[in-house]
Amino acid sequence: MNHIDALLHCVDEQSALLNEFIETLQAEGDLLLGTPSNEALSALAIRKADYARRLAELDQNRAATLTDLGHPNDRHGIAAICAEYPDLQYAFEILFERAEQASTLNQANGETVKAFTERNQQALDTLRGLMGEDLYDAHGRLPKK
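Numbering (the working numbering), first residue to last: 42 to 186.
Spelled out as structure tokens, the structure:
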């Protein structure tokens, strides 16, 4: 396999993996809007970390291949290689589209988590104000005096 074929294969792999990652992010978003269990959220966090690791490996492969072809692994290098090999343009467009979609979903999920956290903190602050020091701890027990 020559360098151009290897680059195309790597970009296609990244796009396919991003599709799976997007599905995971959508499932996470749906779960966050319901009543998520700790186990389900934990499983999604593990899956997301695995996708991040695998995507980083593919990015390193892509960077190495671009370097072998004499181009940096940035927008300018990608534009230059696509100008030399127009068949790569569509693959990179798909990759960038998927990456943008994943970033948007991940940001939205993060904002949902932040909103829940802030709401829970406000509720706890209100309870502490009403109950004083006699507020139950996370195990449902009153603090020891």
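Heads up, the beta-carbon is just placed ideally off N, CA and C, and yes, glycines get one too.
Please work out which residues of its chain come closer than 7 Å, Cβ to Cβ, to residue i, disregarding the five sequence neighbours upstream and downstream, and give them in chain order.
i	result
L73	N150, T153, V154
A140	L59
For residue i, is the classification buried or exposed, using 16 other Cβ atoms within 10 angstroms of its Cβ as the cut-off for buried?
i	result
L165	exposed
I119	buried
L136	buried
H112	buried
E64	exposed
T106	buried
L171	exposed
I87	exposed
A143	buried
E69	buried
R103	buried
So, for residue i: in the same chain, excluding its five sequence neighbours on each side, which residues have a beta-carbon less than 8 Å away from its beta-carbon?
i	result
L96	Q55, L58, L59, F62
Which of helix, strand or coil does DSSP assign to residue i?
i	result
H44	helix
P127	helix
T153	helix
Can you give the beta carbon distance from residue i to residue j, rounded, assuming they're within the 8 Å contact cut?
i	j	result
A132	D53	6 Å
L66	N147	6 Å
What are the complete beta strand (DSSP E) segments, minimum 3 residues, inside the segment 96-122? For the segment 96-122, not a single whole beta strand (DSSP E) run of length 3 or above is found.
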